[in-house]
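J.:
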Amino acid sequence: MASDYALKIEPNGLLTIKNLKVINFDFVNQIVQLDNEMNQLQAQVGSWEADISDHQQDVVVIQQELTRQQHFRGYFLTIQEIYNLPNAADGDYAYSAEDLQEYIYDSQSPQSIKWVQSGHTVPDQLAPASDSLPLVDGTATAGISNEYSRGDHKHPINVSTTLPEKDSSTGNVGTQTTLARSDHQHPLQFSSNIPVTDSTTGSYGSSTDYALSNHSHPINVETNAGNIPKPDGQGDNGTSTHYARNDHIHPLSVSVVDPLPDGVATAGVANTYARSDHVHPLSVSSAVPIKDTINGVVGTQTTFARSDHAHPL
C-alpha cells in the first residue's frame, strides 16, 4: 500500500503529502500541533532576542558609565586646582565648585591649557544618598563610602550601659569608646568603717573612701575611771594622748601638815598649797625679856615678843 500515499520534502523545506485519501487524519492533526508549537517557539525566540538586545544596550550604558568613572578626577574648589592635575589624559573630566562647570581634558585643544569647559554644569548631587544606618561614633576614620549622608540622619546613641565605676585615688584615663549619659551617677565612695581616734602624730591615711558628712570620731578622752586628773604641782606637759573633759576636777593639792612658825624666811620645797584659812603657830618667846642696856643689842632670837611684854627695870 505504499503507493497509496507518499510524503515528500520540497527543496524549500515544506512537507507535502500525496494521495490524501489514504492518510490517517490523526497523523495530520499531530503535524498541525507540531506546527503550532514551532510557531510558539519562534515567538519566544523573538522575545528572547529582544531581551538580549535590551541587555546589550544596558551593558553599553554600564560600560560608558564605567569609562566615565575611570576618567573622573574629582570635585575641586577652584579651576586652578583642575589645571594643576598631574597625568591628565584625554577623556578625563572634573567638576569645579568655583564656576559650577564641568571641565574635560582635550590634548588636541589649540589652547595652552588643555582643560576646557564641556558646557555641562556640575550636577547638584555627585553621589547618591546612603540608605544605610549611620555608624556609631568611635575611632575616627576617613571612610570609603561614595554616598552622602542625608540631612536628617541620626547616629545611634553611643552611650555606656554599664554602671559607672567608683572613683579611685590614682584616677584612670579609661579605655571605653562609649559616652556617659548626662544623668549618670557614680556609686557612693564612702567608708563603712568606724573612724579612728585622733593620735599625737596624725596620719593622712591610705583609704580611698570618703567619710560621710555626719561621721564622728570616737571620744578621745580617758575612759578609765581610775585615771583621775593629777593634783596640781610641779608643771608637766604630760604624755597622755587623751583630752581632758571640760568638767574634769583636779584633786586638792593642799598640805595636811601644820604650817611652820614664822621665822627665818625660806622659799620652801613643798608641792602643795596652803589652805586659805590656814594659821601659823605663834612664834613668840617664852623667856623673860632682858634688861635694856645703854648701847642696845640687835639680838639673835627668831621669836617675837608678845605685845604685852615688859622689860625688867
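Numbering-wise, the working numbering comes out as the position in the sequence shown, counting from 1, plus 1089.
Every residue, glycine too, gets a C-beta built ideally from N, C-alpha and C.
1) Go ahead and label Trp1204 buried or exposed: buried means 16 or more other beta carbons lie within 10 angstroms of its beta carbon, across all protein chains shown.
2) Considering only C-alpha positions, which residue in the set Pro1223, Asp1256, Ala1229, Thr1264 is nearest to Pro1245?
3) Buried or exposed: which applies to Ala1177, given that a residue is buried once 16 or more other Cβ atoms fall within 10 Å of its Cβ?
4) Count the other CB atoms, across all protein chains shown, that sit within 10 Å of the CB of Asp1179; report buried if there are 16 or more and exposed otherwise.
5) Identify every residue that forms a DSSP beta bridge with Glu1191.
6) When the distance is taken between beta carbons, is Asp1256 closer than 8 Å to Pro1274?
7) Report all residues from its chain with a CB closer than 7 Å to the CB of Ile1171; omit the five preceding and five following residues, and keep chain order.
8) Whole-angstrom Cβ separation of Val1373 and Arg1334, contact assumed at under 8 Å?
9) Is the beta carbon of Asp1067 sitting closer than 8 Å to the one on His1160?
10) Sorted by chain position, which residues of the same chain lie with C-beta nearer than 8 Å to Val1211's C-beta, five sequence neighbours on each side aside?
11) Please list, in chain order, all residues of the same chain as Arg1395 whose beta carbon is under 7 Å from its beta carbon, the five residues on each side excluded.
12) Residues in its own chain within less than 6 Å of Asp1397 by CB, not counting five upstream and five downstream?
13) Helix or strand or just coil, what does DSSP make of Leu1130?
14) Tell me whether the segment 1347-1365 and the segment 1374-1385 touch, counting them as touching only if at least three CB pairs, one residue from each stretch, are closer than 8 Å.
15) Comparing alpha-carbon positions, which option in Thr1382, Thr1391, Gly1388 lies nearest Pro1401?
16) Whose CA, out of Asp1336, Lys1319, Ile1338, lies closest to the CA of Ser1329?
T.: Looking at the coordinates:
1) Working through the sequence shown from its first residue, we reach residue 1204 at position 115. With 16 or more Cβ atoms within 10 Å of its Cβ, Trp1204 is classed as buried.
2) Here residue 1245 refers to the residue found at position 156 when the sequence shown is read from its first residue. Cα-wise, what sits closest to Pro1245 is Pro1223.
3) As a working mapping, residue 1177 is identified with position 88 in the sequence shown. Classification of Ala1177: buried, given that the 10 Å Cβ count is 16 or more.
4) Position 90 of the sequence shown, counting from 1, holds the residue named residue 1179. Asp1179 is exposed by the Cβ-count criterion.
5) As a position in the sequence shown, residue 1191 is number 102, starting the count at 1. In the DSSP output, where bridge partners are listed per residue, Glu1191 has Tyr1184.
6) Indexing the sequence shown from 1 puts residue 1274 at position 185. Indexing the sequence shown from 1 puts residue 1256 at position 167. Correcting the residue type first, residue 1274 is Gln in the shown sequence and not Pro. Contact: no.
7) Counting from one through the sequence shown, the residue named residue 1171 turns up at place 82. When the five nearest sequence neighbours on each side are left out, the beta carbons in the same chain lying within less than 7 Å of the beta carbon of Ile1171 are those of Phe1165, Ala1183, Ser1185, Tyr1192, Trp1204, in order along the chain.
8) Taking the first residue of the sequence shown as position 1, residue 1373 is located at position 284. Taking the first residue of the sequence shown as position 1, residue 1334 is located at position 245. Between Arg1334 and Val1373 the Cβ distance is about 49 Å, and since that is not below 8 Å, they are no contact.
9) Here the chain comprises residues numbered 1090 to 1402, so residue 1067 is not present and cannot be evaluated.
10) Numbered from 1 along the sequence shown, position 122 holds the residue referred to as residue 1211. The residues Tyr1164, Tyr1184, Ser1185, Ala1186, Leu1189, Gln1190, Glu1191, in chain order, have a CB closer than 8 Å to that of Val1211 in the same chain once the five nearest residues on each side in sequence are set aside.
11) Reading the sequence shown from its first residue, position 306 is the one you call residue 1395. Taken in chain order, the residues that qualify are Val1373.
12) Sequence index remark: in the sequence shown, residue 1397 carries index 308 (1-based). Correct list: empty, nothing qualifies.
13) Taking the first residue of the sequence shown as 1, we reach residue 1130 at position 41. DSSP places Leu1130 within a helical segment (H, G or I) once states are collapsed to three.
14) In short, these stretches do not touch, since the Cβ pair count stays below three.
15) Translated into the one-based positions of the sequence shown, residue 1401 becomes position 312. The option with the nearest alpha carbon to Pro1401 is Thr1382.
16) The residue labelled residue 1329 in the question sits at position 240 within the sequence shown. Taking the Cα of Ser1329 as reference, the smallest distance to any Cα among Asp1336, Lys1319, Ile1338 is reached at Lys1319.
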